[in-house]
Structures are given as structure tokens and as C-alpha cells.
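Student: The structure follows.
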Amino acid sequence: MKLLQQTILDKGTVLPNGVLKVNTFLNHQVDTGLMIEIGKEFANRFADANINKVVTIESSGIAPSFFAAHTLNVPLVFARKKKSLTLKDNVYTSEVFSFTKQEASEITVAKEFLQENDRVLIIDDFLANGQAAQGLIDVVTQAGATVAGIGIVIEKTFQPGRQILEDKGYRVESLARIQSLQNEKITFVEEAVTVTN
Ligand code: 5GP
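This is the structure in C-alpha cells:
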């Protein structure tokens with residue numbers, strides 16, 4: 025997605041250990057116009073997947089998921105990272121190791137928001153080692169629901185997340201695929217261009 029790639033080049037900064045900081049448009053301040061375009065793109069890519077629910081993880085997954093769920097006309101559910109007093113029982117939980125925080129946390133979704141017949145689109149802001157996505161897959165499958173696809177805003181292809189998810193049979197769609205962040209330079213994977221006459 026060209027607009028996203030350009031925004032990453034213009035506003036992203038490379039931190040040590042292969043981390044991309046995107047606090048000016050995604051992870052802290054939010055570019056709402058860009059989020060609308062991202063949401064439409066996810067909805068478009070998964071239009072054929074019979075999605076009836078979008079599931080993400082707080083907090084950075086919410087902004088890019090919102091318009092995807094709206095466009096698909098389905099509910100958006102976000103997994104909580106902090107235990108809430110109002111969310112004690114009747115929950116699905118999974119352990120997620122955070123790549124950026126380097127700590128494990130338990131994610132939680134209330135059972136009432138996931139049903140056996142759900143076909144779920146999982147959305148997250150980044151794909152690195154695939155831990156967050158696997159935690160979300162875990163809660164969705166605990167409910168007996170189906171993961172119909174995984175939508176990622178920014179994939180770091182030099183980390184094994186995609187391979188792990190594809191090896192398990194999941195369809196992964198990323199809107200920006202970063203090949204390298206070496207020497208503080210952001211390079212993208214060349215996407216195949218289809219030429220039609
Ligand atoms: P994974 O679970 O795939 O290892 O990492 C994905 C999660 O870690 C995302 O939810 C995101 O919050 C965070 N993350 C991973 N890599 C990056 C990165 O380069 N930049 C930022 N801002 N977050 C990242």
C-alpha cells in the first residue's frame with residue numbers, strides 16, 4: 025500500500041534491535057485519514073473470506089481495525105492486556121510475549137464476544153515474531169471459532185512471524201512489508217506488479 029509505505033518513509037524512525045518507531049501516525053498519535061485507507065484495504069483484501077468479526081489487541085491494533093470492521097459491517101473486539109475487575113470470569117486467556125516490551129502478558133477476551141460459528145479476521149499493527157498473532161489465534165480457537173485471515177499493517181519480513189503463521193495454514197496479508205531496517209535505512213519488499221494490456 026503506497027500511501028502507507030510513503031508515510032513510513034517520511035515519519036518512521038529506526039531504533040536499535042530492528043524496531044521501527046511509528047508514534048507519529050500509528051502507535052501514539054494517530055493519522056485518522058490513513059487509518060481509514062488502511063481499514064478499506066483490509067476490508068477489500070478479505071472481502072471474499074466471509075468475515076463476521078474482527079479481533080485485535082489493545083491498544084495499537086484498535087485504530088487500524090476500526091474502519092476495517094466498519095467497512096465489513098461486522099463487530100470489532102479487542103483483547104485486553106490488563107486484567108480488569110469487570111472482566112474476571114468467563115474469559116478466554118492466552119500468554120503473549122511482547123517483542124517491544126520484552127515481557128509476557130496475559131491477554132483476555134470475554135467469552136460472550138466469541139462464538140463457535142465466528143469467522144474471524146485478526147488484525148494487528150506489526151508482525152515480528154508472531155507472538156501477538158498466535159495469542160489471538162489461541163483465544164479465537166479456544167472459542168471454537170475459525171481464524172479466516174490475519175491482517176497486518178507493518179510486517180518485518182526479516183523476523184519469522186509470517187513463516188510461523190503460514191506453516192500453521194493461516195492466510196496473512198500485510199499492507200507494508202519491510203525487508204530491512206539495517207543502517208537506519210527502511211527498505212520494503214518489492215511487490216510483484218501485474219501488468220495488464
Ligand atoms: P510479534 O508478537 O509478532 O513478535 O510482535 C508484534 C507486536 O509487537 C505488535 O503488536 C507490536 O505492538 C510490537 N512490535 C513488534 N515489532 C515492532 C516494531 O518494530 N515497532 C513497533 N512500534 N512495535 C513492534
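Basically our numbering = 1-based index in the sequence shown + 24.
For each residue, glycine too, the CB sits at the ideal point set by N, CA and C.
No experiment lies behind these values; they were computed from the predicted model shown.
#1: What is the DSSP secondary structure of E119, counted as helix, strand or coil?
#2: Are V171 and R186 touching if we call contact CB-CB under 8 Å?
#3: Do V164 and L138 have their C-beta atoms within less than 8 Å of each other?
#4: I think L199 touches M25, with their Cβ atoms under 8 Å apart; what is that distance to the nearest whole Å?
#5: So what's R69 in DSSP terms, helix, strand or just coil?
#6: Please report the distance separating the alpha-carbon of D55 from that of A87.
#7: Helix, strand or coil for G63? Go by DSSP, reduced to three states.
#8: Would you call the stretch 130-150 in contact with the stretch 73-87, where contact means no fewer than 3 C-beta pairs closer than 8 Å?
#9: Applying the criterion that 16 or more other CB atoms from any shown protein chain within 10 Å of the CB defines a buried residue, is K209 buried or exposed?
#10: In three-state DSSP terms, what is G159?
#11: Any heavy atom of ligand 1 inside 7 Å of the beta-carbon of F182?
#12: Between the C-alpha atoms of S118 and L39, what's the straight-line distance to the nearest angstrom?
#13: So with Cβ pairs under 8 Å, would you call F212 a contact of chain D?
#14: Quick check: the stretch 90-97 against the stretch 59-73, are at least 3 beta-carbon pairs closer than 8 Å?
#15: Need the endpoints of the beta strand (DSSP E) that L39 sits in, please.
#16: Just to confirm the assignment, what range does the alpha helix (DSSP H) spanning S198 have?
#17: If I measure Cβ to Cβ from E215 and keep anything under 8 Å in the same chain, skipping five residues before and after, which residues do I get?
Tutor: This is what the structure holds:
#1: strand
#2: no
#3: yes
#4: 4 Å
#5: helix
#6: 9 Å
#7: helix
#8: yes
#9: exposed
#10: helix
#11: no
#12: 28 Å
#13: Absent from the structure is chain D; it holds one protein chain and no more.
#14: yes
#15: T37 to L39
#16: Not the alpha helix (DSSP H): S198 falls in the beta strand (DSSP E), residues V196 to S204.
#17: R201
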